[in-house]
Structures are given as C-alpha cells and as structure tokens.
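As numbered in our numbering, residues 189 to 418 make up the sequence shown, in order. All residues carry an ideal CB built from backbone N, CA and C; glycine is no exception. I have placed the structure first, in the form of structure tokens, so that the comments after it can refer back to it.
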Amino acid sequence: MQTKNEDSIHQATQDTPPAARITHVFERAQHEGRGVLIPYFMCGYPSASQCIELVLAAAAGGADIIELGMPFSDPLADGATIQHAGHVALERGMTIKGCMETARKVAAQCDVPLLLMGYYNPVIAYGLERFCQEAAASGVCGFIIPDLPPEEAAPLQQTAYRYGLALIFMVPPTTSDDRITQIVKVAANGPGGFLYCVSLSGVTGSRAALPPHMRSFIARVRGYTKEYGL
189 MQTKNEDSIH QATQDTPPAA RITHVFERAQ HEGRGVLIPY FMCGYPSASQ CIELVLAAAA
249 GGADIIELGM PFSDPLADGA TIQHAGHVAL ERGMTIKGCM ETARKVAAQC DVPLLLMGYY
309 NPVIAYGLER FCQEAAASGV CGFIIPDLPP EEAAPLQQTA YRYGLALIFM VPPTTSDDRI
369 TQIVKVAANG PGGFLYCVSL SGVTGSRAAL PPHMRSFIAR VRGYTKEYGL
C-alpha cells in the first residue's frame with residue numbers, strides 16, 4: 189500500500205478529476221485480465237477509529253476501490269447487517285461531517301479511490317455545494333446514492349461534476365433496455381466512473397450464490413456502456 193500526505197491529495201485533485209482515478213482502476217484491471225474488488229465499510233462502525241483501521245487493512249490487502257457508507261436513520265434499501273452497522277454508527281455520533289473526516293484520514297494514508305455511499309436526504313440537508321466541496325477536499329472520488337434516479341439527479345450531478353467527482357448510478361436486474369440506455373446516457377456525461385449492476389431485487393445482504401441471470405445481465409449492460417463510451 190502506498191502512502192501519501194494531504195498536500196499530494198489536493199494536488200492530484202487539481203491536476204486531474206478525482207473521478208478519473210476510478211476509470212484508471214478499471215482500465216488497469218481490464219489490462220490485467222481481472223475483476224475490480226470494491227469492499228464496503230460503514231463509516232463509524234464498529235467505531236470511527238476502527239473503521240479507518242479496517243479500511244486501511246482492506247487497501248493493503250488489495251482492494252481496488254472502497255465504498256464508505258454514510259449512516260442514515262431510515263435505510264429502507266438495506267438488510268439487517270447494514271441497518272445494524274448504521275444504527276451503531278449513528279448512536280456513536282457519526283455524521284456526514286464525520287464521514288468526510290473518515291475519508292480524509294484514509295486518503296492521507298493510501299491511494300485507493302474512495303466512494304461515499306448513502307441516501308439522498310442527508311446529502312440534501314447537508315447542502316449539495318458543501319457536500320461536494322468537502323468530499324473533493326477529503327480525497328473522495330465520487331458518490332453512490334441508491335435512492336437517486338437519473339431523472340432527479342441533475343442538481344447533485346452538476347455540482348459533483350464541477351468538482352471532478354463521479355456520480356455512480358445503479359441498474360437493477362429488472363431494468364428494461366430503454367431504461368438502461370437512459371441511465372448510460374446520463375452517466376456517460378460525467379468525468380469518470382462506472383455503472384453499479386444490482387445483482388438482486390430487494391434489500392442488501394449476503395447470498396449463498398449469485399443468480400444465474402447475472403452473466404447475461406452484465407453482458408447486456410456492458411453492450412450499452414461500450415456504445416456510449418462509459
């Protein structure tokens with residue numbers, strides 16, 4: 189794991205869009221003939237300091253990109269595991285500001301691109317400009333907002349893009365071809381990133397195996413991303 193200081197983070201942000209780092213990860217993995225490993229950690233769980241230790245351990249262990257979860261009091265799309273982690277994090281005082289601090293401390297010690305992942309209400313309450321500005325300054329490369337559809341994403345998308353940050357959109361397995369086209373067109377306007385193909389309908393959680401349709405689903409989505417240069 190390579191280390192770096194905060195000055196180099198800010199310099200990198202000025203020289204190239206942070207989202208471009210995500211694109212570089214996928215290009216490198218494709219060249220090496222492998223997948224991209226993207227683990228998820230809830231900020232503040234099991235504690236703020238332990239979360240940072242776990243994230244750094246994942247980076248040292250080979251994670252390509254890391255998702256940092258922002259806890260929310262009403263996580264409707266999440267299963268029991270993430271709900272519990274978010275509840276504990278909130279009880280222990282984790283906030284959006286605390287998530288930014290977590291990202292800053294991680295980014296100061298490793299070069300793995302970071303994504304903030306969470307629900308849209310806390311982001312709106314925090315303020316889109318403030319959210320994107322602080323995220324970029326903290327070493328974040330982009331966002332995953334599961335409950336934000338493309339047709340409602342323009343305010344956050346435009347603000348994020350001004351700071352060179354990616355906005356990652358989700359594609360559920362039941363998505364029609366027309367809808368995939370719409371999502372890809374919106375996503376392709378950004379400075380970098382990828383599409384998040386959801387493996388199953390319903391809440392998050394572990395599964396014994398991936399569903400049999402995943403290969404064909406991913407191939408279908410990939411056809412559109414290639415067509416529109418995403």
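Asked: For my contact list, Gly-327 and Ala-354 are in at a C-beta cut-off of 8 Å; report their separation, rounded to the angstrom.; Found: With 8 Å as the limit, Gly-327 and Ala-354 do not qualify as a contact, their Cβ atoms being about 14 Å apart.
Asked: Let me know the beta strand (DSSP E) ranges lying completely inside the segment 299–340, each 3 residues or longer, listed in chain order.; Found: 302–305 and 328–332
Asked: Helix, strand or coil for Cys-231, going by three-state DSSP, please let me know.; Found: coil
Asked: Using a Cβ distance threshold of 8 Å, determine whether the segment 214–229 contacts the segment 358–369, with at least three qualifying pairs required.; Found: no
Asked: Nearest to Thr-204 by CA position, among Arg-403, Ala-324 and Cys-231, is which residue?; Found: Ala-324
Asked: Within the chosen definition, does the segment 276–287 reach the segment 246–260 through at least 3 CB pairs nearer than 8 Å?; Found: yes
Asked: Output the boundary residues of the beta strand (DSSP E) element that contains Ala-277.; Found: Careful: Ala-277 lies outside any beta strand (DSSP E), inside the alpha helix (DSSP H) at 268–279.
Asked: Met-282 by DSSP, collapsed to three states: which one?; Found: coil
Asked: I need the straight-line Cα distance from Arg-280 to Cys-231, nearest angstrom please.; Found: 11 Å
Asked: Looking at the secondary structure, which residues open and close the beta strand (DSSP E) in which Leu-355 lies?; Found: 354–359
Asked: Leaving out the 5 sequence neighbours to the left and right, which residues in its chain are closer than 8 Å to Arg-410 when beta-carbon positions are compared?; Found: none
Asked: Please name the residue or residues paired with Tyr-384 in a DSSP beta bridge.; Found: Met-358
Asked: Applying the 10 Å Cβ sphere with the 16-neighbour rule, what's the burial state of Glu-151?; Found: In the structure as shown, the chain begins at 189 and stops at 418. Residue 151 is therefore absent and cannot be evaluated.
Asked: Indicate the three-state DSSP secondary structure (helix, strand or coil) for Ser-237 in the structure shown.; Found: helix
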